[in-house]
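In the numbering used here, the protein residues as written are 354 to 427. Glycine is no exception: its CB is placed at the ideal position from the N, C-alpha and C atoms.
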């Protein structure tokens, strides 16, 4: 029997500056955007993240493409 992975959902997260810590270093929180098309290519996801970054008032750091998967015995 072969086990396969089936992607259930995909989301895009962007780390956005949320403040500073007691030492003055920047702190970040994640803003997540659900319902990204499963199977989206990395360049398209990056381009969307860059477009979102352009309209945010705070600086951003890292982009994440998150997949939730089900493992099934087929």
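With DSSP run on the structure shown, which of helix, strand or coil describes residue i?
{"i": "residue 383", "result": "strand"}
{"i": "residue 458", "result": "A query on residue 458 cannot be resolved here, the shown segment of the chain reaching from 354 to 427 and no further."}
{"i": "residue 400", "result": "helix"}
{"i": "residue 370", "result": "strand"}
{"i": "residue 390", "result": "coil"}
Excluding five sequence neighbours on each side, which residues of the same chain lie with their C-beta closer than 8 angstroms to the C-beta of residue i?
{"i": "residue 419", "result": "363, 364, 365, 366 and 385"}
{"i": "residue 395", "result": "418"}
{"i": "residue 399", "result": "416"}
Among residues of its own chain, excluding the 5 on either side of residue i, which ones have a beta-carbon nearer than 7 angstroms to its beta-carbon?
{"i": "residue 373", "result": "379 and 380"}
Comparing alpha-carbon positions, which option in the options lies nearest residue i?
{"i": "residue 371", "options": "424, 409 and 404", "result": "409"}
{"i": "residue 369", "options": "360, 375, 403 and 354", "result": "403"}
{"i": "residue 382", "options": "398, 416, 424 and 397", "result": "416"}
{"i": "residue 358", "options": "414, 398, 392 and 376", "result": "392"}
Across which residues does DSSP place residue i in a beta bridge pair?
{"i": "residue 357", "result": "425"}
{"i": "residue 405", "result": "Its beta-bridge partners do not exist; DSSP assigns none."}
{"i": "residue 413", "result": "369"}
Excluding five sequence neighbours on each side, which residues of the same chain lie with their C-beta closer than 6 angstroms to the C-beta of residue i?
{"i": "residue 426", "result": "354 and 356"}
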